[in-house]
Amino acid sequence: MTKTVRLTMAQALTRFLSRQMTEIDGRNVPIFGGVWAIFGHGNVAGVGEALYQVRDELPTFRAHNEQAMVHAAIAYGKANFRRRFMAATTSIGPGALNMVTAAALAHVNRLPVLLLPGDVFANRLPDPVLQQAEDFSDGTASVNDCFRPVSRYFDRITRPEQIIPALNRAMQVLTDPAECGPVTLSLCQDVQAEAYDYPESLFAERVWTPRRLRPDRHELAAAVAALKGAKKPLVIAGGGVLYSQASGELAKLVQGAGIPVCETQGGKSSLPDDHPLNMAAVGVTGTSAANRLAEEADVVLAVGTRLQDFTTGSWALFKNAGRTIIGLNTQVFDAGKHWALPLVADAAEGLAELNAALKGWKAPTAWTDNALKGKTEWQAAAAKVTASTNAAYPSDAQVIGAVQRAMGSGVTLLHAAGGLPGELHKLWQAGAPGSYHAEYGFSTMGYEIAGGLGVKMAKPDQEVVVMVGDGSYLMLNSEIATSVMLGLKLTIVLLDNRGYGCINRLQMATGGANFNNLLKDARHEVMPDVDFAAHAASLGAVAEKVASIAELETALAKARGNDKTTVLVIDTDPLLSTEAGGHWWDVAVPEVSSRSEVNAARKAYEDKKQMQSIGD
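Residue numbers (full-length UniProt numbering): 1 to 616.
1) Taking the alpha carbon of I614 as the reference point, which residue from H535, D273, D274 and S314 has its own alpha carbon closest?
2) DSSP state of W339, grouped into three classes?
3) Would you tell me roughly how many angstroms separate the C-alpha atoms of A225 and G452, rounded to the nearest one?
4) Cα separation between E606 and N599?
5) Name the one or two DSSP bridge partners that A281 has.
6) Quick one: is N329 buried, meaning 16 or more other Cβ sit within 10 Å of its Cβ, or exposed?
7) Look up D571 in the DSSP assignment and give the residues it is bridged to.
8) Tell me which residues share the same chain as K489 and place their Cβ nearer than 6 Å to its Cβ, disregarding the 5 neighbours each side in the sequence.
9) Check each candidate in D573, P528, H425 and A382 and name the one with the smallest Cα separation from P390.
10) On the premise that E349 lies in contact with R214, defined as a C-beta separation below 8 Å, what is that separation, rounded to the nearest angstrom?
11) Rank P276, Q189, V303 and L125 by C-alpha distance to the C-alpha of W378 and give the top, closest one.
12) Whole angstroms is fine: what's the gap from L438's alpha carbon to L174's?
13) Can you list, in chain order, the residues of its chain with a C-beta nearer than 8 Å to that of L58? Leave out the 5 residues immediately preceding and following it.
14) Starting from the C-beta of D127, find all residues in its chain whose C-beta is less than 8 Å away, skip the five residues before and the five after it, and write them out in chain order.
15) Using the Cβ count rule (16 or more neighbours within 10 Å means buried), how would you classify F333?
16) Over the uninterrupted beta strand (DSSP E) stretch that includes R505, give me the two end residues.
17) If you reduce the DSSP assignment to three classes, tell me which class S247 lands in.
18) One question on the structure: do K608 and A321 come within less than 8 Å of each other, judged by their Cβ atoms?
19) Considering Cα atoms alone, identify which of M467, S472 and N65 is closest to L552.
20) If you count every other CB in all the chains shown that lies within 10 Å of the CB of T89, and 16 or more means buried, which is it?
21) What is the DSSP secondary structure of V464, counted as helix, strand or coil?
22) To the nearest angstrom, how far is it from the Cα of residue 624 to the Cα of V44?
23) Alpha carbon to alpha carbon, what distance is there between V100 and Q67?
24) Considering only the beta carbon of each residue, do V399 and L495 sit closer than 8 Å?
25) In the DSSP assignment, find the unbroken alpha helix (DSSP H) run with V207 in it and report its ends.
26) Got a sec? Which residues, its chain only, sit under 7 Å from E179 by beta carbon, not counting five neighbours each side?
27) Do the CB positions of Q20 and Q53 come within less than 8 Å of each other?
28) Check the DSSP bridge columns for N65 and list the partner residues they point to.
29) For S483, does the three-state DSSP call read helix, strand or coil?
30) Count the CB pairs spanning the segment 352 to 367 and the segment 502 to 513 that are closer than 8 Å, and state whether there are at least three.
31) Take T287 and list the residues in its own chain whose beta-carbon comes closer than 7 Å to its own, dropping the five residues that flank it on each side.
32) Whole angstroms are fine: how far does the CA of Q265 sit from the CA of G239?
33) Under the rule that 16 or more other beta-carbon atoms within 10 Å means buried, what is M1, buried or exposed?
34) For A601, does the count of other Cβ atoms within 10 angstroms reach 16, so buried, or fall short, so exposed?
35) Pair every Cβ in the segment 405 to 419 with every Cβ in the segment 520 to 537, then say whether three or more of these pairs are closer than 8 Å.
36) Contact criterion: CB-CB distance below 8 Å. Does R212 meet it with respect to chain D?
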């Protein structure tokens with residue numbers, strides 16, 4: 001007879017989570033690093049009480065904003081290369097919906113996070129309860145249905161025994177390299193408190209290890225043949241290289257065969273910046289070295305990338321008409337994009353088998369030498385734009401140079417939306433794998449500080465540097481207080497260009513008038529004068545506004561010795577960006593306008609559209 005234990009559904013959930021393990025460096029550790037929680041009537045009595053019972057095995061962390069706490073959880077999973085992850089729980093209604101943006105971020109970036117929003121009563125007897133949004137035509141609907149399109153797996157728990165198969169499916173998705181992404185278990189608040197006789201076997205310790213899929217022999221043979229026939233081969237390293245921890249295998253391939261490699265935002269730091277064959281960033285925010293090779297390449301080995309438009313220059317970057325793309329990816333959906341030769345496999349396993357099959361083969365020396373020459377030229381151009389300056393309003397690139405000189409490549413650098421991703425992708429000199437942490441898949445403003453907190457939780461001994469613009473800071477800064485409360489030190493460099501400088505530049509580039517982006521161009525009675533240093537200090541941080549690049553470098557050196565989060569503010573120029581490198585990006589320009597600038601931009605746009613490869 002099956003042994004059982006009587007628990008509430010919420011107690012069964014939290015006990016199960018506390019017993020799931022993974023293997024890191026030869027020892028078993030909890031796969032869940034903890035649970036972020038903001039309690040309300042929809043989860044405090046059920047999930048809240050259950051978390052209290054397991055607080056020593058499964059720590060609970062309190063945040064100030066639901067979206068931010070999920071950002072922190074997602075960053076934790078990314079910093080752990082998806083080997084460990086976190087959960088997040090909220091009440092119903094606004095608390096739950098605040099997590100949807102973060103769920104989409106995790107979905108786009110293929111990152112694991114378990115979302116546990118409270119839901120309406122399954123029995124419907126007290127309907128409508130506080131924070132319940134009623135659908136006049138559907139009695140089964142709740143606001144949590146908004147999670148469906150941004151979850152890899154969604155389930156609504158309306159009976160306590162339903163949590164048993166739901167938890168098994170949740171773990172399968174969270175640990176699967178191809179299906180990985182957010183899981184939402186929507187927890188009806190009355191069911192959270194209902195008891196059931198659960199089998200004790202549900203709570204047995206289980207160790208989850210990454211599935212490492214080896215390539216199909218036919219797909220491998222086709223990929224090897226394509227590479228051996230290449231005169232101008234190129235590797236594009238995406239985030240899958242890092243998630244698979246395949247940097248060593250990638251280095252063997254490029255060194256052995258003399259193939260240059262370039263990196264997407266998600267894949268940057270797959271190889272250290274100083275690796276001679278690392279051409280660094282590719283695409284819209286790419287280096288001249290990488291993009292020149294991408295234009296000429298006849299075979300492109302795309303490893304662990306979803307080939308989004310910033311990587312491919314809106315499919316105008318690859319100009320060799322006879323090119324072949326090889327899609328090495330765990331996910332069939334990504335491996336076969338744009339008529340690629342699919343090589344469905346784990347990145348490390350796939351690269352290892354390619355290495356073995358290509359042993360003794362090398363790319364033409366002229367191609368490799370051409371790449372090395374291009375890298376040298378790019379390094380000279382990058383050094384110029386990142387050099388120190390006495391300008392009252394330095395560029396983002398000059399601030400990046402200061403941070404690089406003061407902090408080195410041994411830190412973990414984190415950023416997200418706005419102009420910084422483009423500049424950092426090109427200019428930051430990353431060190432160890434995972435030391436460059438970008439959220440540019442969904443380009444979510446407000447990710448930066450919360451994400452930095454999650455990275456610091458994953459890497460407590462690492463110096464974590466967050467670079468953020470004033471617009472993103474004003475959207476979501478509350479987790480500065482959480483970092484101070486938890487004793488998790490961040491160094492935050494806040495670049496104040498007084499508005500949304502990046503999108504203002506795009507507005508100008510498409511012929512638009514300066515309108516509603518910079519604060520001076522937005523409707524106002526009085527110009528805002530935000531004292532960011534005072535604000536950060538009010539949240540408990542060490543804070544300082546610096547007046548120059550030299551002062552910033554001095555302050556950064558001092559920040560290394562601080563024992564809590566430090567925020568350094570510097571004014572920057574909203575109109576300056578690095579002209580070297582880069583590539584066209586498809587942003588539709590109006591066909592008709594009263595502005596001559598827009599009409600001129602439309603003509604240029606139509607000319608550029610001719611570069612796109614239709615159908616591939």
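Glycine is no exception: its CB is placed at the ideal position from the N, C-alpha and C atoms. All of these numbers come straight from a predicted model, not from anything done at the bench.
Taking the structure as given:
1) Translated into positions along the sequence shown, residue 614 becomes position 614. The candidate whose alpha carbon is nearest that of I614 is S314.
2) Sequence index remark: in the sequence shown, residue 339 carries index 339 (1-based). DSSP, read as helix, strand or coil, puts W339 in helix.
3) Start at 1 with the first residue of the sequence shown, and residue 225 comes out as number 225. Start at 1 with the first residue of the sequence shown, and residue 452 comes out as number 452. When rounded, the distance between both Cα atoms is 43 Å.
4) Within the sequence shown, numbered from 1, the residue matching residue 606 stands at position 606. Within the sequence shown, numbered from 1, the residue matching residue 599 stands at position 599. So the two alpha carbons sit approximately 11 Å from each other.
5) As a first step, residue 281 is located in the sequence shown; it is residue number 281 there, counting from the start. Per DSSP, the beta bridge partners of A281 are E263.
6) Indexing the sequence shown from 1 puts residue 329 at position 329. With 16 or more other Cβ atoms within 10 Å, it is buried.
7) The sequence position of residue 571 within the sequence shown is 571, counting from 1. DSSP lists D496 as the bridge partner or partners of D571.
8) In the sequence shown, residue 489 corresponds to position 489, counting from 1. The residues K564 and T565, in chain order, have a CB closer than 6 Å to that of K489 in the same chain once the five nearest residues on each side in sequence are set aside.
9) Counting from 1 along the sequence shown, the entry for residue 390 is found at position 390. In the sequence under discussion, the amino acid at residue 390 is Asn, which differs from the Pro named in the question. The closest CA to that of N390, considering only D573, P528, H425 and A382, is found on D573.
10) Within the sequence shown, the letter at position 214 stands for residue 214. Within the sequence shown, the letter at position 349 stands for residue 349. Separation of the CB atoms of R214 and E349 is rounded to 5 Å, and the pair is thereby assigned contact status at 8 Å.
11) Position 378 of the sequence shown holds residue 378. Closest by C-alpha distance to W378, out of P276, Q189, V303 and L125, is P276.
12) The residue labelled residue 438 in the question sits at position 438 within the sequence shown. The residue labelled residue 174 in the question sits at position 174 within the sequence shown. In the sequence as displayed, the identity of residue 438 is Ala instead of Leu. Roughly 21 Å separates the two Cα atoms.
13) As a first step, residue 58 is located in the sequence shown; it is residue number 58 there, counting from the start. Correct list, in chain order: T14, L17, S18, P30, F32, G34, V35 and L51.
14) In the sequence shown, the residue the question calls residue 127 occupies position 127. Excluding positions up to five away in sequence, the list reads V120, F121 and E134.
15) Translated into positions along the sequence shown, residue 333 becomes position 333. When all chains shown are included, F333 counts as exposed.
16) For the purposes of this step, residue 505 is identified with residue 505 of the sequence shown, where counting begins at 1. Careful: R505 lies outside any beta strand (DSSP E), inside the alpha helix (DSSP H) at G501 to A509.
17) Looking up residue 247 in the sequence shown gives position 247. The answer is helix: DSSP assigns S247 an H, G or I state.
18) Position 608 of the sequence shown, counting from 1, holds the residue named residue 608. Position 321 of the sequence shown, counting from 1, holds the residue named residue 321. Not a contact, by the Cβ cut-off of 8 Å.
19) One-based indexing of the sequence shown puts residue 552 at position 552. Of M467, S472 and N65, the residue nearest in Cα terms is M467.
20) Your numbering for residue 89 matches position 89 in the sequence shown. Per the 10 Å Cβ criterion, buried.
21) The residue you call residue 464 lines up with position 464 of the sequence shown. If DSSP states are grouped into helix, strand and coil, V464 belongs with the strands.
22) Residue 624 lies beyond the residue range present for the chain, which begins at 1 and ends at 616; the question has no answer from this structure.
23) As a working mapping, residue 67 is identified with position 67 in the sequence shown. As a working mapping, residue 100 is identified with position 100 in the sequence shown. It is roughly 8 Å from the alpha-carbon of Q67 to the alpha-carbon of V100.
24) Translated into the one-based positions of the sequence shown, residue 399 becomes position 399. Translated into the one-based positions of the sequence shown, residue 495 becomes position 495. The answer is yes: Cβ separation under 8 Å.
25) As a first step, residue 207 must be located in the sequence shown, where it is residue number 207. From DSSP, V207 is part of no alpha helix (DSSP H) but of the beta strand (DSSP E) over R206 to W208.
26) By 1-based counting over the sequence shown, the position of residue 179 is 179. Here the set comprises R152 and V173.
27) Translated into the one-based positions of the sequence shown, residue 20 becomes position 20. Translated into the one-based positions of the sequence shown, residue 53 becomes position 53. Cβ distance not < 8 Å, so Q20 and Q53 don't count as in contact.
28) Residue mapping note: residue 65 aligns to position 65 of the sequence shown, counting from 1. Bridge partners of N65: none, in fact.
29) Taking the first residue of the sequence shown as position 1, residue 483 is located at position 483. It is helical.
30) Three or more beta-carbon pairs separated by less than 8 Å are not found between the segment 352 to 367 and the segment 502 to 513, which leaves the two stretches without contact.
31) What you label residue 287 is simply residue 287 of the sequence shown in a count that begins at 1. If we look at T287 and ignore the five residues flanking it on each side, its Cβ neighbours are M279, A280, A281, W378, K426 and G581.
32) For the purposes of this step, residue 239 is taken as residue 239 along the sequence shown, with counting starting at 1. For the purposes of this step, residue 265 is taken as residue 265 along the sequence shown, with counting starting at 1. Per the coordinates, the alpha-carbon of G239 lies some 8 Å from the alpha-carbon of Q265.
33) The residue given as residue 1 occupies position 1 in the sequence shown. Its Cβ having fewer than 16 others within 10 Å, M1 is exposed.
34) Stepping through the sequence shown from its first residue, residue 601 is reached at position 601. Classification for A601: buried.
35) The segment 405 to 419 is not in contact with the segment 520 to 537.
36) The question asks about chain D, but that chain is absent: this structure has only one protein chain.
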